[in-house]
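Remarks on the structure that follows.
2 protein chains.
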Amino acid sequence: MDSLPLMRELAIEAKTKILLVVLDGLGGLPLTPGGPTELEAAHTPNLDALAAGSICGLSTPVAPGITPGSGPGHLALFGYDPLQYEIGRGVLEALGIGFDLRRQDLAARGNFCSLDPATGVITDRRASRIPSEVGARLCQKLRAIQLPGVQAFVEPVKEYRFVLVLRGEGLVDGLTETDPQQTGVPPLPVTATRPEAQATAELLNRWLAEARRLLADEYPANGCNLRGIARDPGLPLMPEVYRLRCAAIATYPMYRGVARLAGMDVLPTGDTIEAEVETLRQHWDSYDFFFFHVKKTDSMGEDGNFEGKVAVIEYFDRLLPQMLGLAPDVVIVTGDHSTPALWKAHSWHELPVLLWARTIRPDHVRAFGERPCMAGGLGHIRHTDLMPLAMAYAGRLTKFGA
Amino acid sequence: MDSLPLMRELAIEAKTKILLVVLDGLGGLPLTPGGPTELEAAHTPNLDALAAGSICGLSTPVAPGITPGSGPGHLALFGYDPLQYEIGRGVLEALGIGFDLRRQDLAARGNFCSLDPATGVITDRRASRIPSEVGARLCQKLRAIQLPGVQAFVEPVKEYRFVLVLRGEGLVDGLTETDPQQTGVPPLPVTATRPEAQATAELLNRWLAEARRLLADEYPANGCNLRGIARDPGLPLMPEVYRLRCAAIATYPMYRGVARLAGMDVLPTGDTIEAEVETLRQHWDSYDFFFFHVKKTDSMGEDGNFEGKVAVIEYFDRLLPQMLGLAPDVVIVTGDHSTPALWKAHSWHELPVLLWARTIRPDHVRAFGERPCMAGGLGHIRHTDLMPLAMAYAGRLTKFGA
Numbered sequence: 010m011d012s013l014p015l016m017r018e019l020a021i022e023a024k025t026k027i028l029l030v031v032l033d034g035l036g037g038l039p040l041t042p043g044g045p046t047e048l049e050a051a052h053t054p055n056l057d058a059l060a061a062g063s064i065c066g067l068s069t070p071v072a073p074g075i076t077p078g079s080g081p082g083h084l085a086l087f088g089y090d091p092l093q094y095e096i097g098r099g100v101l102e103a104l105g106i107g108f109d110l111r112r113q114d115l116a117a118r119g120n121f122c123s124l125d126p127a128t129g130v131i132t133d134r135r136a137s138r139i140p141s142e143v144g145a146r147l148c149q150k151l152r153a154i155q156l157p158g159v160q161a162f163v164e165p166v167k168e169y170r171f172v173l174v175l176r177g178e179g180l181v182d183g184l185t186e187t188d189p190q191q192t193g194v195p196p197l198p199v200t201a202t203r204p205e206a207q208a209t210a211e212l213l214n215r216w217l218a219e220a221r222r223l224l225a226d227e228y229p230a231n232g233c234n235l236r237g238i239a240r241d242p243g244l245p246l247m248p249e250v251y252r253l254r255c256a257a258i259a260t261y262p263m264y265r266g267v268a269r270l271a272g273m274d275v276l277p278t279g280d281t282i283e284a285e286v287e288t289l290r291q292h293w294d295s296y297d298f299f300f301f302h303v304k305k306t307d308s309m310g311e312d313g314n315f316e317g318k319v320a321v322i323e324y325f326d327r328l329l330p331q332m333l334g335l336a337p338d339v340v341i342v343t344g345d346h347s348t349p350a351l352w353k354a355h356s357w358h359e360l361p362v363l364l365w366a367r368t369i370r371p372d373h374v375r376a377f378g379e380r381p382c383m384a385g386g387l388g389h390i391r392h393t394d395l396m397p398l399a400m401a402y403a404g405r406l407t408k409f410g411a
Numbered sequence: 010m011d012s013l014p015l016m017r018e019l020a021i022e023a024k025t026k027i028l029l030v031v032l033d034g035l036g037g038l039p040l041t042p043g044g045p046t047e048l049e050a051a052h053t054p055n056l057d058a059l060a061a062g063s064i065c066g067l068s069t070p071v072a073p074g075i076t077p078g079s080g081p082g083h084l085a086l087f088g089y090d091p092l093q094y095e096i097g098r099g100v101l102e103a104l105g106i107g108f109d110l111r112r113q114d115l116a117a118r119g120n121f122c123s124l125d126p127a128t129g130v131i132t133d134r135r136a137s138r139i140p141s142e143v144g145a146r147l148c149q150k151l152r153a154i155q156l157p158g159v160q161a162f163v164e165p166v167k168e169y170r171f172v173l174v175l176r177g178e179g180l181v182d183g184l185t186e187t188d189p190q191q192t193g194v195p196p197l198p199v200t201a202t203r204p205e206a207q208a209t210a211e212l213l214n215r216w217l218a219e220a221r222r223l224l225a226d227e228y229p230a231n232g233c234n235l236r237g238i239a240r241d242p243g244l245p246l247m248p249e250v251y252r253l254r255c256a257a258i259a260t261y262p263m264y265r266g267v268a269r270l271a272g273m274d275v276l277p278t279g280d281t282i283e284a285e286v287e288t289l290r291q292h293w294d295s296y297d298f299f300f301f302h303v304k305k306t307d308s309m310g311e312d313g314n315f316e317g318k319v320a321v322i323e324y325f326d327r328l329l330p331q332m333l334g335l336a337p338d339v340v341i342v343t344g345d346h347s348t349p350a351l352w353k354a355h356s357w358h359e360l361p362v363l364l365w366a367r368t369i370r371p372d373h374v375r376a377f378g379e380r381p382c383m384a385g386g387l388g389h390i391r392h393t394d395l396m397p398l399a400m401a402y403a404g405r406l407t408k409f410g411a
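Residue numbers (the numbering used here), protein chains in the order written: chain A, 10 to 411; chain B, 10 to 411.
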């Protein structure tokens, strides 16, 4: 259910502050059956004390069984139904490298690939995973391509991956990808899925023809594909929907980018959680809502580093009292999705969540962990439920109906 | 929510196997307040051991308070929202007697009824519940009816009930029933609810006029009504949606029929649970998904036989280790709906459900029963959540969004 229209209707201003802490990839799994998860194994006296005064539960990011990417996971935390509001892959990729994407820009993820010089069919969709240095040099080469009335930015990401951003008037999305997702066939042309996008499709095909000419001698990276060609989705903006002055504190570009798409002010901060806490302190008086993002829980999970993830959680726990010392009115601690170290990847498992406020109904949860949260007073909820709950506990929603 | 489009988008192939065990009508009620349900009363060491290593919960087949028929209950288990995907009563009745229904056939449930010979109004909607032998003889008589360009099958079901199937070109559904659901009025004509069905309505009315002529001397069964006139709903097929090779093992025709409508291969099997287990063993290597149906739990519930239902559950429990010995990757045990012996009928009560896989988050449930499952880690879910969860735990879903 899309709760944004209801929020827009019921939101009122107040002097309260909401702190949403996202420990990326927080949810975990036991390494051995019956053992503790990462969060359960971590020594977290401060989170446990907070949980004891909170209402806890488990939350599903998108839908049961669905493993979300970072985009949908965060959109859901901000109250956007991720099945309804979608950020294109090209846009996320551009945000991920900190590209200053503007509202009208068109962004695509690019993949260098290997083409059979004689037949033009794809022989390797990832161009033998060329080193990042080679990718950067090829991007530099592609920057020479000129398009009429449109600026084309080509930015390296990593290895065979790059971002193409077109900037100019009249760019329209609704465009198919060129990657046929298999070898032995040539790249597809970009086609328009709606008539208005026809001219943009032609521009991209022109760019692709030029790119292929420039890359001809660069085997194994003698071709490229464009995926997820998309524009800023034009999300309803959080300050307008919730009447909150919203700030984002995150160290990684992608999360900063998603927050910006949602209308938050993205605060300059450092690379560490301490730096983020200091940023929070400095800007405490200027905002009503803070999205506070901790990245390394997810990175450790992706690396399969159970102990590393435990250590990041414990590190965060030691800094928590400083954050609580700022006296937020509502605190939520959860993650965007699970990244069990056992799994070395995002997963669909529910997220432990705690919601602290002065007027909660206490439950019996005395420690913050997946199993204690199973029996928590929040029950099993959806990520999209969190913002309405936070708004309510912050005294920022008026009554619905007479 | 209809999760089939998402499943179709995210499903990937893998070498894992999913076993869905449906103990029909599993959910029960205590005979006396505070007493055990049928499942709780049963001695089930194997189910309990499986539950201890599983994540458990309670599941609602359709919606809170809604008592499902066998069709909606099973559709939901297979991932089809039963409020969106419907199998007509005529189709279910035809499947229930094992009629080899084809995709273009039109099927109706027929009821012999008593008409006042003078006025033609219905005096008994069930024709004094004539014996099955009489019903069979009357069906034989009705087979004489000829329709232009269309074959008409008339098959007895039980007592006053029969099935009419029309087979031929251009049969269109969207047809009203003839049963006015009261006595003292004549049967209604079949009418088309959309213009394309007009010709089919006329065919059926012609058949009904002939039938009434042939039955004129057969009081109390001197008339008949047609209900639930419908075609195969053309469900999205499970092998296409989930990319699973799907097999059904069930002893009763209706469940075999519903499975076939969903695109499963229906395996030949015997009349006992042992025979079904042997069928499972024989075909284990050839399929990725098995729907394993146990009927007698429901039959005992319908009969009000609490001890009989307990005995069927215990019987199944003894065979469970043979099934687990095949080393499925995901096991779900639940039912399509509750059939408490106390109630002697289907009911709306939630179903206990256990989901076993290697990467579950364990909960505190140590016995498989309605009350332990209330506190299980799955919480309260919907039947339609089960297939997405099974797919996720089987490693058969890719990530949603970037």
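For each residue, glycine too, the CB sits at the ideal point set by N, CA and C.
is_contact[residue i, chain B] using C-beta, thresh 8 Å
i: A/ALA187; result: In the sequence on display, residue 187 of chain A carries Thr and not Ala. So no, A/THR187 is outside the interface.
i: A/MET309; result: no
i: A/PRO91; result: yes
i: A/MET332; result: no
i: A/HIS83; result: no
i: A/ARG98; result: yes
i: A/GLU316; result: no
i: A/HIS292; result: no
Which of helix, strand or coil DSSP assigns to residue i
i: B/GLU470; result: A query on residue 470 of chain B cannot be resolved here, the shown segment of chain B reaching from 10 to 411 and no further.
i: B/VAL130; result: coil
i: B/ILE282; result: helix
i: B/ALA116; result: strand
i: A/VAL250; result: helix
i: A/GLY183; result: coil
i: B/PRO361; result: strand
i: A/ASP307; result: helix
i: B/SER295; result: helix
i: B/PRO229; result: coil
i: B/LEU197; result: coil
i: A/ILE322; result: helix
Beta-carbon neighbours of residue i, restricted to chain A and to distances below 9 Å
i: B/LEU406; result: GLY74, ILE75, THR76, TRP357
i: B/MET10; result: ALA72, LEU92
i: B/GLY266; result: Result: empty, since nearest Cβ-Cβ is about 27 Å, beyond 9 Å.
i: B/GLY237; result: Those within 9 Å of B/GLY237 in chain A number zero; the least Cβ separation is about 32 Å.
Within-8 Å CB hit, residue i to chain A
i: B/ALA58; result: no
i: B/SER79; result: no
i: B/LEU15; result: yes
i: B/GLY386; result: yes
i: B/ALA220; result: no
i: B/SER68; result: no
i: B/ARG298; result: Just to set this straight, residue 298 of chain B is Phe in the shown sequence, not Arg. It does not: the Cβ of B/PHE298 has no partner Cβ on chain A nearer than 8 Å.
i: B/GLY232; result: no
i: B/ALA20; result: no
i: B/ALA23; result: no
Interface partners of residue i on chain B, CB under 9 Å
i: A/GLY144; result: Simply none; closest approach about 19 Å.
i: A/ARG380; result: ARG370, PRO371, ASP372, HIS373, GLY386
Chain B residues whose Cβ lies nearer than 8 Å to that of residue i
i: A/LEU351; result: THR368
i: A/HIS392; result: Going along chain B, no residue has its Cβ under 8 Å from A/HIS392, so there is no contact; the nearest lies around 13 Å.
Chain-ordered chain A contacts of residue i [CB-CB under 7 Å]
i: B/LEU398; result: PRO73, GLY74
Residue-chain proximity (residue i, chain C), Cβ-Cβ < 8 Å
i: A/PRO39; result: Annotation note: the requested chain C is absent from the structure, which comprises protein chains A and B.
Where residue i meets chain B, residues with beta-carbon distance less than 7 Å
i: A/GLY43; result: PRO371
i: A/ILE302; result: The amino acid at residue 302 of chain A is misidentified as Ile; the sequence shows His. The premise fails here: A/HIS302 is roughly 17 Å from chain B at the closest Cβ pair, so nothing lies under 7 Å.
Using a Cβ-Cβ cut-off of less than 7 Å, give me the residues of the stretch 362 to 376 of chain B that come near chain A, in sequence order. Listed by position, the residues of the stretch 362 to 376 of chain B near chain A (Cβ gap below 7 Å) are THR368, ARG370, PRO371, ASP372.
Contact set between the stretch 101 to 132 of chain A and chain B, restricted to residues whose Cβ is under 9 Å from the partner: When CB distances to chain B are screened at a threshold of 9 Å, the residues of the stretch 101 to 132 of chain A falling below it are LEU101, GLU102, GLY105, ARG118, in chain order.
Is the stretch 31 to 47 of chain B touching the stretch 338 to 345 of chain B, taking contact as three or more C-beta pairs under 8 Å? In short, these stretches touch, since the Cβ pair count reaches three.
Examine the Cβ distances between the stretch 96 to 109 of chain B and the stretch 245 to 255 of chain B and report whether three or more of them are shorter than 8 Å. Not touching, per the Cβ criterion.
Taking contact to mean 3 or more Cβ pairs, one atom from each stretch, closer than 8 Å, check whether the stretch 120 to 137 of chain B and the stretch 186 to 199 of chain B are in contact. Yes, since at least three Cβ pairs between the stretch 120 to 137 of chain B and the stretch 186 to 199 of chain B fall closer than 8 Å, the two stretches touch.
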